[in-house]
Every structure is written in C-alpha cells, then in structure tokens.
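Enquirer:
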Amino acid sequence: SATRRCSAVTGNWLVWAEAAPSVSRLRQAARTGIGAGRAAGIRRSLRRGCRFGENPGDSARIQPGRAALASAYNTSAVAGNLQVMAQLPILRYPDPRLHTVAKPVAEVDARIRQLVDDMLETMYAADGVGLAATQVDVHERVIVIDTSQDRDTPRVLINPELVKLSEQMVDGEEGCLSVPQIYDKVPRHAEVTVRALNRDGEVFEFDADGLLAVCVQHEMDHLMGKVFVEYLSPLKRDRIKTKMVKKTREEEAEAKKRNQRF
Numbered sequence: 005s006a007t008r009r010c011s012a013v014t015g016n017w018l019v020w021a022e023a024a025p026s027v028s029r030l031r032q033a034a035r036t037g038i039g040a041g042r043a044a045g046i047r048r049s050l051r052r053g054c055r056f057g058e059n060p061g062d063s064a065r066i067q068p069g070r071a072a073l074a075s076a077y078n079t080s081a082v083a084g085n086l087q088v089m090a091q092l093p094i095l096r097y098p099d100p101r102l103h104t105v106a107k108p109v110a111e112v113d114a115r116i117r118q119l120v121d122d123m124l125e126t127m128y129a130a131d132g133v134g135l136a137a138t139q140v141d142v143h144e145r146v147i148v149i150d151t152s153q154d155r156d157t158p159r160v161l162i163n164p165e166l167v168k169l170s171e172q173m174v175d176g177e178e179g180c181l182s183v184p185q186i187y188d189k190v191p192r193h194a195e196v197t198v199r200a201l202n203r204d205g206e207v208f209e210f211d212a213d214g215l216l217a218v219c220v221q222h223e224m225d226h227l228m229g230k231v232f233v234e235y236l237s238p239l240k241r242d243r244i245k246t247k248m249v250k251k252t253r254e255e256e257a258e259a260k261k262r263n264q265r266f
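For the sequence shown, my numbering begins at 5 and goes up steadily by one.
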C-alpha cells in the first residue's frame, strides 16, 4: 500500500499519501476532501500495523473533510486540526434496551453531530452498512447508512420518516450488527421515499430502492424498538436468543480470564 512505500515520511504525511498517493491527487483532495468511508479505511490500514514512527493512536484522528486535508497539504501539521471520533459499544440482542422507542432529536447541535461522527466510525469499523442510535444505547432518532461499494458515501438521517412506500414487497436476507452472524429473510417495501434532517439540520428527501431501501427500513425499525429477528417465527427467535445469550456469556468469561492473567 502507499503507506508501506512511504516509510521515510512522517505519520501525518503517510496518512495523506494513503488518501491521495500522488501529489496531484493530494492537491485535489485538499480542495474537495475525502469521504468518511475512505477516512475509516485509512484508520483501519494504520491500525493493522503500518509502521511510521508515531503513536498508532493518531490513526483515530484521520477524519474526512476538506479543512484537515488542506492543512496536511499546506503545513503537514494535521493532528491538532482533526477531531477524534470514538467507536461506540453496540448493544447485542436480546438486550432489552434495543426495544426502547427513540425520541425525536430536538436540535441538531454539536452533541448530535459528534454522535453522528461516532456512529459512522462505529459502523465502518464493524463493516456494517447501517447503524441506528438505538444500537449504541442513545435513544434518539438518528441513523447512519453507507451502502456504497467503495464505502465512501455516508448518509445521515436525523428524525427520518417514510413519506411513501411502494406496494411491491421484496424478501431479502438481512443481518444486523446487534445480532452478529445471524441472517434471515424479511419482507420489505421495494421502494421508499424518505424525508429527514442531515448533519447540518437541513431537511432533505430522497427515493431509495434495492439495498438502500431495505437498510433504511431496517434501521428505522430499530428506532421503533424492533429488531429484524422479530419478523421471524417464535421458534427461530427463541433459538437465536439462546445462541446470542450463550455467545455473550462465553465472551464475558474469556474476557474475565484475560484480565486475571495480569
């Protein structure tokens, strides 16, 4: 990768070399910025063992946007200009908090924007295509989605509502970050029209079909306190619940053992 070829440069420049491997692309990126998905990919690359002589924790500061890239290009002093995003713990089914109905966001302020950024970081780190605030134990109507192939087209939906639903239904296989490694078919509307606020609090509307339409409906279910396994038969739900409880207990026991070793 670009980072491994540039071992002589400082960590910050390695980061931006990965974002834009040529000088011309770096200039372009400084003008237009990079997407959240690309920024998350860079962070993952760094955490996987890129050796650049600086604190690996600095990878958390690699953020999307024009200003940070412009600063990198002009001064190579990036870290002080970048906002740290956190990976949030994801609630796992059958945690009862997943059944909490989310409240509307009263104001899109700095707290909500930070939540959005943290949710995007969490979603990308978990290789998910969508995440609802309910899943990170924040019970407000906030969703982030990225169904793009390159993972660089995040959508932020605050106080989303479905204003139009197609009569045609589709049965597609779904999974969920709160129910890992479980997949099953769920009936969804083939096309939907969505209205929401964006990260800046502005109203926007869009039509969705395919995976995006399914993802929107799946995440909006979370805001209503509904997990996709509740569309399944009681027998399937009970089996999944038993499996998830067992898995959680095993992971907790293993974590306890690791802590006792030191």
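We treat Cβ as the ideally placed atom computed from N, Cα and C, and that holds for glycine.
Remember, predicted model here, so these are calculated numbers, not experimental data.
#1: Look at the alpha carbon of residue 214 and the alpha carbon of residue 223, and state the distance between them as a whole number of angstroms.
#2: By the three-class DSSP mapping on this structure, what secondary structure does residue 147 have?
#3: Using a Cβ-Cβ cutoff of less than 7 Å, which residues in the same chain neighbour residue 231 once the five nearest sequence positions on both sides are dropped?
#4: For the stretch 112–119 against the stretch 186–200, are there 3 or more C-beta pairs whose distance is under 8 Å?
#5: Roughly how many angstroms lie between the CA atoms of residue 262 and residue 254, to the nearest whole one?
#6: Report the start-end ranges of each beta strand (DSSP E) in the stretch 96–126 that is 3 residues or longer and not cut off at the edges.
#7: Pick out the complete beta strand (DSSP E) segments inside the stretch 145–201, 3 residues or longer, and give them in chain order.
#8: Go through its chain and collect everything with a Cβ distance to residue 93's Cβ below 6 Å, but skip five positions before and after it.
#9: Would you check if the stretch 168–175 and the stretch 136–149 touch, i.e. whether three or more CB-CB distances between them fall below 8 Å?
#10: Can you list, in chain order, the residues of its chain with a C-beta nearer than 6 Å to that of residue 130? Leave out the 5 residues immediately preceding and following it.
#11: Taking its Cβ as the centre, do 16 or more other Cβ atoms sit within 10 Å of residue 128, making it buried, or is it exposed?
#12: Name the one or two DSSP bridge partners that residue 207 has.
#13: Can you give me the C-alpha to C-alpha distance between residue 191 and residue 264, rounded to a whole angstrom?
#14: With a threshold of 16 other CB atoms inside 10 Å of the CB of residue 211, please say whether the residue is buried or exposed.
#15: Per DSSP, residue 136 is paired with what?
#16: Does residue 153 pass the burial test, meaning 16 or more other C-beta atoms within 10 Å, or should it be called exposed?
#17: Are there three or more Cβ pairs, one per stretch, closer than 8 Å when the stretch 233–243 is compared with the stretch 138–147?
#18: Anyone know if the C-beta pair for residue 90 and residue 141 falls short of 7 Å?
#19: What is the C-beta distance between residue 151 and residue 219, in whole angstroms, given that I count them as a contact (C-beta under 8 Å)?
#20: Looking only at its own chain, which residues have a Cβ that is under 7 Å from the Cβ of residue 119, when we skip the five neighbours before and after it?
#21: State the CB to CB distance for the pair residue 168 and residue 176, rounded to an integer number of angstroms; the pair is presumed to be in contact (CB under 8 Å).
#22: Do you know how far the Cα of residue 225 is from the Cα of residue 105?
#23: Using the three-state DSSP reduction, which class does residue 90 fall into: helix, strand or coil?
#24: Return the first residue and the last residue of the alpha helix (DSSP H) that residue 214 is part of.
#25: Give every residue of the same chain whose Cβ lies closer than 6 Å to the Cβ of residue 165, excluding the five residues on either side of it in the sequence, and list them in chain order.
#26: To the nearest angstrom, report how far apart residue 256 and residue 185 are at their CA atoms.
Expert: So, to answer that:
#1: 15 Å
#2: strand
#3: 97, 102, 180, 182, 183
#4: no
#5: 12 Å
#6: none
#7: 146–149, 159–169, 173–180, 183–193, 195–201
#8: none
#9: no
#10: 181
#11: buried
#12: 201
#13: 46 Å
#14: exposed
#15: 147
#16: exposed
#17: no
#18: no
#19: 6 Å
#20: 137, 142, 146
#21: Not really, about 19 Å apart at Cβ, beyond 8 Å.
#22: 9 Å
#23: coil
#24: 214–227
#25: 199
#26: 18 Å
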